[in-house]
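To keep things clear, I will list the structure first and then write my remarks on it.
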Amino acid sequence: MADLITSVADGVGRITLNRPHVLNALTHEMISGIADALERWRTDSEVAMVVIDGAGDRGLCAGGDIRGLREHALSGRNDLSRRFWRDEYELCATIDEYPKPYIAFMTGITMGGGVGVSAHGSIRIVTETSRVAMPETRIGFSPDVGGSWLLARAPGELGTYLALNGVTMSGADAVACGFADYYVPVDRLPHLLQAFGERADPGSPGEVVLLFDETPPASELEQKREWIDRCYSADSVAEILERLRDEAGAAAAAAALELESLSPMALTVALAAVRRARELGSLRDVLAQEYRTSAWLAAQPDLAEGIRAQVVDKDRSPNWTPSSLDAVPDSLAAAALAHEPPRH
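Under my numbering, the first residue of the sequence shown carries the number 1, and numbering increases by one thereafter.
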């Protein structure tokens, strides 16, 4: 069975990620297939809009197939990881710049690479089942696929909190944080898809969604803004931790414990990347920065170790290098952001 299904009917070009047994995790071939479909449909008069969704009922996409990244690192073939990222990040830019409406059904688990193929679209739809996250620091990595662009533009310091702690957003949170536009009950999505076909017109998809859209529930993340802004506005991860420890309340204490369990190196790079992304002028600029940091992190031990602990051995007990924030060199973040990857 094909890992990617593309079809055209009633003016709608539909892309379905079709690996439900692994939560539709993205392979390099799937990335290339999406890019090829978008290129074909760019000038196809039979395609008025594009819809992307995921097979199965668990989610759109859990991210890239990260076991391969670990295998590349252990075998000295990070060039294969860099090739994957180049194509994946170019696809994110293509989606952002696409001349036709690009509509994403961000149902269920939509994380990492799943955010990359959805949240840069022109119409981003979440549901009551949506669980949206950029959880890269949990595997010794930093938010990529344009995630740092989105995180940098979330209200207050919510993006910093989401980036460092890898927090999962509800559909309501995703709308509040700028990762999604509309909240549609999941049982209405088949009817919405049908309505797109019946009303396929380049100017109409947003109006069609409004027929199905509901006001999302209150965002729990928004309700935490006060202490998040106060703690996560600090200039370093160490200072964020210090503020969290001084903050009253169980939520801040839990956030501190979480940070203490994550890769000091990845946290340091992620904080610098999101802060720098606030100053960059376009998604392409941010993707270029993410490519540099991704290539740098791929050559460090924490990525392979984080993937081992989370998805291979699943012992959830990574041995980070360095093991503490105190041991992270002051120059580390700047080195990651300025890294010039090999051209091959």
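All C-beta atoms in this analysis are idealised placements derived from N, C-alpha and C, irrespective of residue type, glycine included.
Residue closest to residue i, alpha-carbon to alpha-carbon, out of the options
i      : options                        : result
Asp229 : Phe84, Leu158, Leu337, Thr110  : Leu158
Arg67  : Glu340, Ala266, Val312, Trp320 : Val312
Pro205 : Ala277, Thr107, Pro101, Leu332 : Pro101
Lys314 : Ala195, Glu97, Arg138          : Arg138
Arg83  : Gln310, Ser294, Asp181         : Ser294
Ser317 : Leu325, Asp326, Ala327, Ala304 : Ala304
Glu97  : Asp44, Leu280, Gly114, Ala119  : Ala119
Asp235 : Glu258, Ala270, Thr321, Gly178 : Ala270
Ala25  : Cys61, Leu162, Ser142, Asp44   : Cys61
Glu29  : Ala2, Arg40, Arg308, Arg42     : Ala2
Distance, residue j Cα to residue i Cα
i      : j      : result
Asp285 : Ala73  : 26 Å
Asp10  : Gly197 : 5 Å
Ser263 : Val47  : 45 Å
Asp144 : Ala250 : 30 Å
Arg275 : Asp79  : 28 Å
Arg343 : Ala273 : 22 Å
Thr160 : Leu192 : 34 Å
Gln223 : Asp173 : 10 Å
Pro301 : Leu150 : 27 Å
Thr27  : Thr6   : 16 Å
Leu337 : Ile95  : 24 Å
Leu332 : Asp36  : 38 Å
Val328 : Asn319 : 15 Å
Met348 : Asp246 : Examination of residue 348 is not possible in this model, given that the chain is present from 1 through 344 alone.
Asp65  : Met111 : 12 Å
Leu162 : Thr168 : 8 Å
Gly56  : Met134 : 21 Å
His339 : Arg292 : 5 Å
Met49  : Gln289 : 30 Å
Heavy atom of the ligand COA within 8 Å of residue i beta-carbon
i      : result
Glu128 : With respect to the ligand COA, the structure offers nothing, as it holds no ligand at all.
Anticipated Cβ contact below 8 Å, residue i with residue j, distance rounded
i      : j      : result
Ala52  : Asp87  : The question names Ala, yet the displayed sequence has Ile at residue 52. Actually they are not in contact, since the Cβ atoms of Ile52 and Asp87 sit about 17 Å apart, beyond 8 Å.
Gly156 : Ser130 : So it is not a contact: roughly 21 Å between Cβ atoms.
Phe212 : Val184 : 5 Å
Ala309 : Leu69  : Not confirmed; about 14 Å, so no contact.
Beta-carbon proximity of residue i to residue j, cut-off 9 Å
i      : j      : result
Leu267 : Ala255 : no
Leu17  : Leu38  : no
Gly147 : Glu136 : yes
Val132 : Leu91  : no
Asp181 : Ile240 : no
Val186 : Ala195 : no
Phe105 : Leu189 : yes
Ile109 : Gly121 : no
Ala93  : Leu210 : no
Checklist entry - Considering only residues of the region 95 to 156, which uninterrupted alpha helix (DSSP H) runs meet the minimum length of 4 residues and lie entirely inside it, listed in chain order? => result 113 to 116, 147 to 152
Item to check | Sequence ranges, beta strand (DSSP E) only - wholly within the region 24 to 67, length at least 3 | outcome: 49 to 54
Checklist entry - What runs of the alpha helix (DSSP H), each 4 residues or longer, lie entirely inside the region 205 to 265? => result 205 to 210, 220 to 223, 225 to 232, 237 to 246, 250 to 261
Checklist entry - Where in the region 280 to 322 do unbroken runs of the alpha helix (DSSP H), each at least 4 residues long, occur, reported from the N-terminal end onward? => result 283 to 298, 301 to 307
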